[in-house]
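Below is one structure, written out as structure tokens, with a few remarks after it.
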Amino acid sequence: MRRLCYWISLFFIILSLTSCYQTHAPAPVVDAWYQAKAKNSIYRVQQGDTIYSIAWAFGLDYRALAQVNHLQLPYTISPGQTLKMVNTPAFHSRPMEARVAMWHWPARGRLVERFTSGMTGSQGIGISGKIGQPIFASASGEIVYSGDGVRGYGNLIIVKNNSNYLSAYAFNEQNFVRVGEFVKANQVIAKMGKNDAGRALLYFEIRYNGKPVNPLRFLH
């Protein structure tokens with residue numbers, strides 16, 4: 002009888018501990034870009050990441066991501082560091098910083114992909130051309146990412162045009178700029194490469210406070 006009571010007590014102790022573990026289980030750690038849309042998770046920083054490229058992949062405002070992780074300018078992060086990936090309220094624009102003076106076409110060629118709203122639509126535009134032809138900075142700004150670590154964008158450049166606007170140039174054959182450099186509008190920043198379908202193309206996006214906007218509304 003005493004032995005039976007012992008096993009019954011042990012069973013309820015294990016059941017109680019299991020229940021506590023499930024209730025307080027930690028958020029999943031996200032290591033790969035294919036999981037980049039996961040929300041309320043924890044992302045482990047990879048070599049070459051910047052706060053801007055991570056926010057871009059998760060569809061977040063970089064300032065909100067920095068704030069929730071208690072990061073201050075210049076938002077220094079290191080490989081292996083973990084970041085909370087949560088939705089936060091969008092930042093309100095300051096009137097003097099809200100607009101970019103002028104956006105120029107980033108490549109010469111034919112428009113073959115248009116912006117479409119919605120989660121499954123295109124968040125930018127595609128401009129076809131020739132492999133190796135120059136890619137130009139659409140507007141002046143700071144290079145905040147240059148590399149191939151963001152899934153679905155190939156060799157990518159992200160430019161911070163002001164506090165509210167970021168622009169991206171994807172599927173480059175070669176990037177000519179590094180993080181921290183400042184570029185002028187119409188400056189050559191890359192060579193055109195091929196997209197995942199093997200087509201010579203520049204994929205171009207503009208984001209305002211972390212959200213995609215139609216580049217055709219801005220380009221001149």
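Residue numbers (our numbering): 2 to 221. Built from N, CA and C at the ideal position, the CB exists for glycine as well. A quick note: this is a predicted structure, and the numbers were derived from the prediction, not measured.
Judged by DSSP secondary structure, Ser141 falls outside any alpha helix (DSSP H); it is assigned neither H nor E. Taking C-alpha positions only, Asn156 is separated from Leu202 by approximately 12 Å. The alpha-carbon separation between Tyr209 and Ala102 amounts to approximately 14 Å. Taking 8 Å as the cut-off, the beta carbon of Val160 is found closer than this to the beta carbon of Ser168.
Between the beta-carbon of Pro107 and that of Tyr44 there is about 29 Å, and that puts the pair past the 8 Å contact cut. Rounded to whole angstroms, the separation of the alpha carbons of Ile190 and Ala138 is 6 Å. Between Gly148 and Lys192 a beta carbon distance of about 15 Å is seen, past the 8 Å cut, so the two are scored as non-contacting. Short of 8 Å from the beta carbon of Gly122, and not among the five residues preceding or following it, lie these beta carbons of its own chain, in chain order: Phe116. In the DSSP assignment, Phe116 forms no beta bridge with any residue. DSSP places Trp57 in the helix class (H, G or I) of the three-state scheme.
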